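What follows is a single structure, written as structure tokens, with notes after it.
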Amino acid sequence: MTVTQATPADSSMHDVLEQARALVPTLRDRAAATEERRSLLPETVADMKAAGIFRITQPRTWGGLELGFDALADAAYELGRGDGSAGWVSVVLNGGWFLASFPEQAAADVWGKDGSILVGGVLAPSPTVSRVDGGWTISGRWPYSSGIDHCSWNIVSCFEFREGGPPDARLFLVPASDYTVEDTWFTLGLRGTGSKTTVIKDVFVPEHRTLLLGDLREGRGPGTAVNTNPFYRVPFGIFFSLSIASPIAGAAQGGLELWRETSRDRRAPDGSRVTDQPTLRAIYAESAAEIDCARLLLRRDFDDALEMVQAGHIPTSEERARSWRDGAYAVRLCERALDRLFEAAGGRVLQEGDPFQRTWRDVHTASSHIAMRWVDAADRFGRMDFGYGPPNPFFH
0 MTVTQATPAD
10 SSMHDVLEQA
20 RALVPTLRDR
30 AAATEERRSL
40 LPETVADMKA
50 AGIFRITQPR
60 TWGGLELGFD
70 ALADAAYELG
80 RGDGSAGWVS
90 VVLNGGWFLA
100 SFPEQAAADV
110 WGKDGSILVG
120 GVLAPSPTVS
130 RVDGGWTISG
140 RWPYSSGIDH
150 CSWNIVSCFE
160 FREGGPPDAR
170 LFLVPASDYT
180 VEDTWFTLGL
190 RGTGSKTTVI
200 KDVFVPEHRT
210 LLLGDLREGR
220 GPGTAVNTNP
230 FYRVPFGIFF
240 SLSIASPIAG
250 AAQGGLELWR
260 ETSRDRRAPD
270 GSRVTDQPTL
280 RAIYAESAAE
290 IDCARLLLRR
300 DFDDALEMVQ
310 AGHIPTSEER
320 ARSWRDGAYA
330 VRLCERALDR
340 LFEAAGGRVL
350 QEGDPFQRTW
360 RDVHTASSHI
370 AMRWVDAADR
380 FGRMDFGYGP
390 PNPFFH
């Protein structure tokens, strides 16, 4: 497929979304090869680059499109319709949103010579970090580094233990020359994300390439003094929980579309069309409604978050807990929708390589992500509403 090169001067949210939609048939055609490779195909990454997908949240001053995280979510949803793995990676490799909060010199290190450089990130903290003159020395292993095969830089996190206070996570920006990648990604679903393990051994990171996660949680990183677009001040928890759920809603919608198309030609034992059965049409309708509800729930929260930061309002702990809840619940709705369709699909979906089965596995795999586990997200919301406070500041 030919994609028109997107540039900051001529790209709008509409342009990027149209190009994302145009990629859906191509992504579906490549999905089996992507799953077998356990990483996005190089041509898929090239197409997504050309469409401007990875520059949606990148500041314009560094060659990005700076369209906002609602644009990222909508593009990820469309890509997810074609391939859940492509949609997932489109969010994780939009490192521009994270880097916009780092000191400006960090952005210069990455994009000073080439604004198309991709930055990934994995935020599960490693405990090994030491402060040294001019910066930090870090070591550790970071599994689940989605899209790492395509990155020139990666953001990892370590716990910073401070005397007299609770530990916080600090983010570290490291070039590919400072880490190795272990192929550890053998999973039920989302295989094409290539979420392998980043390994770092005694690497020095200068101070300007670090950022406290607490600053990202509060939308007050030093880079926001320069990058003044309000969406850079959206708290990390709201940005992450809603953004990462969006491609999964897209994957569920893609699964619904695949199921509908294959059901048109299915025949019952008596030779009639299975779509003649009211119960099957009701199954389809209920699943379609659940997927719509998932997307509308995410859209409501996106709109509320942007309205809050534009008004200078700092989201409360209760409002943040709602976003974690809604991101996880959206994925839960998608699981239910595809489970219902799976049960009604017949033996064909049990065949290896079946496209609907792939989507079903992708959605179930996403639901096990720490941000998407419903019982944890529900507990966080319940704790806040009943006055217990957040159980873990990492998810604030």
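The opening residue of the sequence shown carries number 0 in numbering that gives the first Met the number 0; numbering runs sequentially from there.
Glycine residues also receive a C-beta, built at the ideal position from the N, C-alpha and C atoms.
None of these values were measured; they are calculated from a predicted model.
Next on the checklist: Taking a contact to mean a Cβ-Cβ separation below 7 Å, would you say Gly191 touches Ser125 in this structure?
Outcome noted: In this structure, Gly191 keeps its C-beta atom at 7 Å or more from the C-beta atom of Ser125.
Checklist entry - Whole beta strand (DSSP E) runs in the segment 63 to 149 with 3 or more residues, listed along the chain? => result Within the segment 63 to 149, the complete beta strand (DSSP E) runs of at least 3 residues are 118 to 120, 128 to 131 and 134 to 144.
Checklist entry - Taking DSSP as the reference, what is the three-state secondary structure of Asp384? => result In the structure shown, Asp384 adopts helical secondary structure according to DSSP, grouped into three states.
Next on the checklist: Given a cut-off of 7 Å on the beta-carbon distance, is the pair Gly146 and Gly119 in contact?
Outcome noted: For Gly146 and Gly119, yes; Cβs fall inside 7 Å.
Checklist entry - Which same chain residues, not among the five before or five after Gly188, have their C-beta less than 7 Å away from its C-beta? => result Cβ-Cβ distances below 7 Å link Gly188 to Arg360, Asp361, His363 and Thr364 in the same chain, with the five nearest sequence neighbours on each side left out; the list follows chain order.
Next on the checklist: So, at 6 Å on beta carbons, what are the nonlocal neighbours of Asp156 in its own chain, with the 5 sequence-adjacent residues on each side left out?
Outcome noted: With the sequence shown as reference, residue 156 is identified as Ser, and Asp is not the correct amino acid for it. The residues are Leu122, Pro124, Ala168 and Leu170.
Checklist entry - In three-state terms, what does DSSP make of Arg272? => result Under the three-state reduction of DSSP output, Arg272 falls in the strand class.
Next on the checklist: Whether or not the segment 200 to 212 and the segment 101 to 119 are in contact is what I'm after, with contact meaning three or more pairs of Cβ atoms, one per stretch, closer than 8 Å; do they touch?
Outcome noted: Flag = yes, the segment 101 to 119 and the segment 200 to 212 touch.
Checklist entry - Which of the three DSSP states, helix, strand or coil, is assigned to Trp152? => result Residue state, collapsed to three classes: strand.
Item to check | In DSSP terms, what Cys333 is bridged to | outcome: DSSP output for Cys333 lists no bridge partner at all.
Checklist entry - Of all the CB atoms in chain C, is at least one closer than 7 Å to the CB of Ala72? => result The structure shown contains no chain C, having only a single protein chain.
Item to check | Which listed residue (Pro58, Leu39 and Ser89) has its alpha carbon closest to that of Leu16 | outcome: Nearest of Pro58, Leu39 and Ser89 to Leu16, Cα basis: Ser89.
Checklist entry - Can the beta-carbon of Phe97 be found closer than 7 Å to that of Ser242? => result In this structure, the beta-carbon distance from Phe97 to Ser242 does not fall below 7 Å.
Checklist entry - Can you give the Cα-Cα distance for Tyr328 and Asp73, rounded to whole angstroms? => result For the pair Tyr328 and Asp73, the Cα-to-Cα distance works out to about 18 Å.
Next on the checklist: List, from N- to C-terminal side, the beta strand (DSSP E) runs of 3 residues or more that fit wholly inside the segment 302 to 369.
Outcome noted: If only uninterrupted beta strand (DSSP E) runs of at least 3 residues are considered, none is enclosed by the segment 302 to 369.
Next on the checklist: With DSSP as the reference, identify every bridge partner of Ile199, one or two as the case may be.
Outcome noted: Its beta-bridge partners are Gly139.
Checklist entry - DSSP on Pro390, reduced to helix/strand/coil? => result Correct three-state label for Pro390: coil.
Item to check | Residue burial classification, Leu78 (beta-carbon count within 10 angstroms, cutoff 16) | outcome: Per the 10 Å Cβ criterion, buried.
Checklist entry - Just curious, the alpha helix (DSSP H) that Leu241 is in, first and last residue? => result Element bounds for Leu241: Phe235 to Arg263.
Next on the checklist: Closest to Gln252 by C-alpha separation, out of Gly270, Leu39, Thr56 and Ala75, would be which residue?
Outcome noted: Nearest to Gln252 by alpha-carbon distance, out of Gly270, Leu39, Thr56 and Ala75, is Ala75.
Next on the checklist: Which of the three DSSP states is assigned to Val23 in this structure?
Outcome noted: Correct three-state label for Val23: helix.
Checklist entry - Of the choices Ile52, Met307, Ser194 and Leu279, whose alpha-carbon is the least far from that of Phe185? => result Of Ile52, Met307, Ser194 and Leu279, the smallest CA-CA separation from Phe185 is found for Ser194.
Item to check | Chain-order list of residues whose beta-carbon lies under 8 Å from that of Ala267 (same chain, five-residue window excluded) | outcome: Val273, Asp275 and Gln276.
Checklist entry - For the segment 325 to 344 against the segment 225 to 243, are there 3 or more C-beta pairs whose distance is under 8 Å? => result Cβ pair count under 8 Å is three or more, so yes.
Checklist entry - How big is the Cα-Cα spacing for Trp232 and Gly94? => result For the record, residue 232 in the displayed sequence is Arg; it is not Trp. Whole-angstrom Cα-Cα distance: 15 Å.
Checklist entry - Should Arg263 go down as buried or exposed, given a rule of 16 or more other Cβ atoms within 10 Å for buried? => result With a 10 Å radius around the Cβ and a threshold of 16 neighbouring Cβ atoms, Arg263 comes out exposed.
Checklist entry - Does DSSP put Val2 in a helix, a strand or coil? => result The predicted model places Val2 with a pLDDT of 45, which falls under 50 and marks its position as unreliable, so this point remains unresolved.
Next on the checklist: Looking only at its chain, what residues have a beta carbon closer than 6 Å to the beta carbon of Gly63, apart from the 5 residues adjacent to it on each side?
Outcome noted: Result list for Gly63: Arg54, Gln57 and Gly95, in chain order.
Next on the checklist: Using the Cβ count rule (16 or more neighbours within 10 Å means buried), how would you classify Asn226?
Outcome noted: Buried.
Next on the checklist: With H, G and I counted as helix, E and B as strand and the rest as coil, what does DSSP make of Arg266?
Outcome noted: The answer is strand: DSSP assigns Arg266 an E or B state.
Item to check | Cα-Cα separation, Asp214 to Phe301 | outcome: The C-alpha of Phe301 is placed about 20 Å away from the C-alpha of Asp214.
Item to check | Reduced DSSP secondary structure (H/G/I, E/B, other) of Glu159 | outcome: Of the three classes helix, strand and coil, the one that applies to Glu159 here is strand, per DSSP.
Checklist entry - Residues bridged to Leu210 by DSSP? => result In DSSP, Leu210 forms a bridge with Leu170.
Checklist entry - Smallest Cα separation from Pro314: which of Asp325, Phe235 and Gly346? => result Checked all of Asp325, Phe235 and Gly346; the closest Cα to Pro314 is Phe235.
Item to check | Of the listed residues Pro205, Glu42 and Arg20, nearest to Asp132 (C-alpha basis) | outcome: Residue nearest to Asp132 within the set Pro205, Glu42 and Arg20 is Pro205 (criterion: CA-CA distance).
Checklist entry - Hey, is the segment 377 to 392 in contact with the segment 340 to 348, meaning 3+ C-beta pairs nearer than 8 Å? => result In short, these stretches do not touch, since the Cβ pair count stays below three.
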